[in-house]
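Residue 1 is where the sequence shown starts when you use UniProt numbering, and the numbers rise one by one after that.
These notes are about the structure you will find just below.
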Amino acid sequence: MGLVGTAALRDGGAALPHGFWAAVRVWLEKPQVVNRRLCGAAIEAEGTVPLEEDGEASPILAAVGRGGSGEGQKGRAASVGPAELGRLWREVGGQLPAGHGHLPPPLTPWGEPGRRSQLRAVLRTLLPRGRPVGPPAPPTKELAVQDVHNGTVTFLPLEESSEGKYQIKKCNIYQIQLAHIKDEEWSVSIVAPFPEDWFSDGIAYPKLAWLGNELLSKLAKWSVEQKPSEFKSTLSLISVAKYSKVYQDLKEKYKEIVKVWPEVTDPEKFVYEDVAIASYLLILWEEERKEKGLTKKQSFVDLGCGNGLLVHILNNEGHSGRGLDVRRRKIWDMYGPETHLEESTIVPGDSHLFPDTDWLIGNHSDELTPWIPVIAARSSYSCCYFVLPCCFFDFHGKYSRRQSKKTQYREYLDFVAQVGFVCGFHVEEDCLRIPSTKRVSLIGKNRTYPPTERARIDKQITQYINNRQTCAVLTCDRRVGFNHKDHSDGVCKEAGSELPANETETDSTVWLPGFQPREKVEQVRNCASLPRDFVDDVVLSVANLLLSAAPEKSCSNMHGGSTNTWNQGESLSLKEVAEHLNKETLKRLKSEYGGLQTLLKNNHQVFKVLNGRVHIRDWRKEKSSRKTKPEVKRRLSAEAFKTRLCWFFSHHPDGCSLPSESCPYAHGTEELRQSQVIKKKKHIQ
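Dropping the structure here:
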């Protein structure tokens, strides 16, 4: 009657029962990975509870404080102490039938009859993701009771009375159970004693069907999944509860920027990503001030600041700092004079040190990413850094992989972390909550050496960079120069000032001669800027090559009852196609990112590039897939209908494979419709 759902498991790798408890831990600490309407959970306290032989619970409980999802870091005190948690346990136990050892059916009772056993109690607060529409509701608290012997964890929702006492919200009690059937067969179930009274608030407590489908399927998967994650938990270094509040406040404060975003990039992605990064830094810096006894807010420099929004937010929130980037953005003019942004080229060297700055930031800083720990180490003994690596760069250019057993991203993160270690930092890693696949940050805020050993660390950095130089740099017969002055007690030159066109920094001030900063003018190299006649010639040449490769291949096409043959051509590899193009054409294509493949993919109407092979696109086979398109894409397709000429109608020896009324392209100029500007807009749910 109270069974919400059950899932069968087959454990061929001896993952159970340990895998089940690991899965339960994920649901306890990081419920947001399943319930997207939650930001996380704050673990207030936890500890063991010994059960007496008669099933009654002893009030003795050892509490362990934790500050939130994955926040078992040092320095975070429990909001509920052992005495308070013991009192809470006694209050809760008295509300259950026949004491702690007996639960309403079909819940499995706690403990082992006739024997002394232990339970583990976890008190958590569920944190909603969004800001409440009405008046703020009281925090949702739960007491989760784990019974390892019986393989159960029971969730007891708590409501606080005006007197400060907690009552069990009995309608929303549920229990997760693990059962061993036989051999490798197990099952995971979710049961609720009062399903008819279940109250769903749509946030902390979804409908029971959600528990039986979404939550149960995740628990079943995690229980037998033995592949450990290669990254840390999200927000493992800060309080999730604080982050949730700060993020919601900043999101509300800066949401209007989305409406006036002048750049071509997606405003919602970039605005909310920078809001999330700013929220993280504000909390990280607040905790640093508490740890170090600081009263003044930290200063910063954002190297490669891009659109400058992160700088704008941090300046507005009281942190003095500036952003440097090689290229000015349109949106800079919208921020006002309080936001300090400079258009300048950063070349790692003596003229780009920041001795009076507390933190250096590298948010997707590309070629500067590995240099930021070096610049921080040499700016001053107190300078810290925060980097969010994205594109893979070494000191001298693109990063080259050295280990095939790791993913390229993991290997690059390890490299940037190693740079921090070499520079004398305790490097910490954390995973941010941003709309990006590259969301692991590396933080260096404490040194591994005393100030008297700066010279030794400086030599260590020099040797490390020398060892990583490529053969191309070494053949130039130039050594890395680090004869920089100690600027820690003086005033730095104008950081980020651009070099005059007729001057270059000398080898004595540039740490790596030959370093290539990104270009001031961003080049579009996706074949979109190639002349139309050049593109048309390449398209026609490749199409004729495919059509002539297999003239005997044809396909029947029914037009008005008569049977026509339509040449589909042959498929060729990209290498084979390239071998038939002249050298000048290939040279021109190689200057574009993606080259030949990008040009062919851009001409979607004519070609299909699949698994490195080029095919003539047969639009008759595309018709069926259109039926499955979402309504928005169908509408966009309708707006684009007949706004471009059909290449096949004009150039294919058999004409178009589709009749005019079915082809989305115009069969002749008389069918052309006026092109409409189609603006795509993404919406955050």
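Virtual Cβ for every residue (Gly too), placed ideally from N, Cα, C.
If we ignore side chains and look at the alpha-carbon of each, how far apart do Lys-296 and Arg-289 end up?
8 Å
Return helix, strand or coil for Leu-250, following the three-state DSSP convention.
helix
Sequence-distant residues of the same chain with beta carbon closer than 7 Å to Asn-611, five excluded per side
none
To which residues of the same chain is Val-271 closer than 8 Å at the C-beta, ignoring the five residues directly before and after it?
Tyr-254, Lys-255, Ile-257, Val-258, Trp-261, Leu-309
Of the residues Trp-27, Lys-170, Asn-35, Thr-339, the one placed nearest residue 690, counting alpha carbons only
The structure shown does not extend to residue 690, since the chain is modelled only from 1 to 685, so the question has no answer here.
Based on Cα-Cα distance, which residue from Thr-108, Ser-441, Met-334 lies nearest to Thr-369?
Ser-441
For the alpha helix (DSSP H) containing Asp-414, name the first residue and the last one.
408 to 422
Using the Cα positions of Leu-215 and Gln-32, report the straight-line distance between them to the nearest angstrom.
11 Å
Mind checking whether Gly-444 and Tyr-381 have CB atoms under 7 Å apart?
no
What residue from Ser-320, Leu-341, Trp-198, Pro-337 has the CA that sits closest to Arg-329's CA?
Leu-341
For the putative contact between Gly-2 and Pro-193, defined by C-beta atoms under 8 Å, what is the C-beta separation to the nearest angstrom?
5 Å
If contact is defined by three or more beta carbon pairs under 8 Å, each pair taking one atom from either stretch, is the region 239 to 247 in contact with the region 151 to 164?
no
Should Pro-206 be listed as close to the ligand HEM, given that the test is whether its C-beta is under 6 Å from any heavy atom?
Of the ligands one can find in the structure shown there are none, so the ligand HEM has no counterpart to examine.
Spatial neighbours of Phe-155 within its chain, please: C-beta separation below 6 Å, excluding the five flanking residues on both sides.
Glu-142, Ala-144, Tyr-174
Taking Gly-93 as the reference, give the member of Trp-21, Tyr-166, Gly-130, Ala-137 with the closest Cα.
Tyr-166
Let me know if Glu-670 comes out buried or exposed under the rule of 16 or more other beta-carbons within 10 Å of its beta-carbon.
exposed
Cβ atoms of Val-606 and Val-539: under 7 Å apart, would you say?
yes
Within the 7 Å Cβ cut-off, does Lys-330 reach chain B?
The structure shown contains no chain B; it is built from a single protein chain.
What would DSSP say about Lys-141, mapped onto helix, strand or coil?
strand
If Pro-373 and Phe-425 are in contact, beta carbons under 8 Å, what's the gap, nearest whole angstrom?
6 Å
Go through its chain and collect everything with a Cβ distance to Asn-603's Cβ below 7 Å, but skip five positions before and after it.
Val-539
If you reduce the DSSP assignment to three classes, tell me which class residue 698 lands in.
No information on residue 698 is available, as it lies outside the stretch 1 to 685 that the chain covers here.
Nearest-angstrom Cβ-Cβ length linking Thr-125 and Ala-42, presumed shorter than 8 Å
5 Å
What's the C-alpha gap between Glu-91 and Asp-356?
55 Å
Sequence-distant residues of the same chain with beta carbon closer than 7 Å to Pro-451, five excluded per side
Tyr-381
With distances taken from CA atoms, which of Leu-119, Ser-279, Glu-287, Ser-320 is nearest Ser-299?
Ser-320
How would you write the range of the beta strand (DSSP E) that Val-510 sits in, first residue to last?
Element bounds for Val-510: n/a, residue is neither H nor E.
Should Pro-136 be labelled buried (16 or more other beta-carbon atoms within 10 Å of its own) or exposed?
exposed
Quick one: is Cys-391 buried, meaning 16 or more other Cβ sit within 10 Å of its Cβ, or exposed?
exposed
For Thr-234, count neighbouring C-beta atoms within 10 Å of its own C-beta (all shown protein chains included) and say buried if the count is 16 or more, exposed if not.
buried
Should Tyr-449 go down as buried or exposed, given a rule of 16 or more other Cβ atoms within 10 Å for buried?
exposed
Put Trp-371 into one of helix, strand or coil per three-state DSSP.
helix
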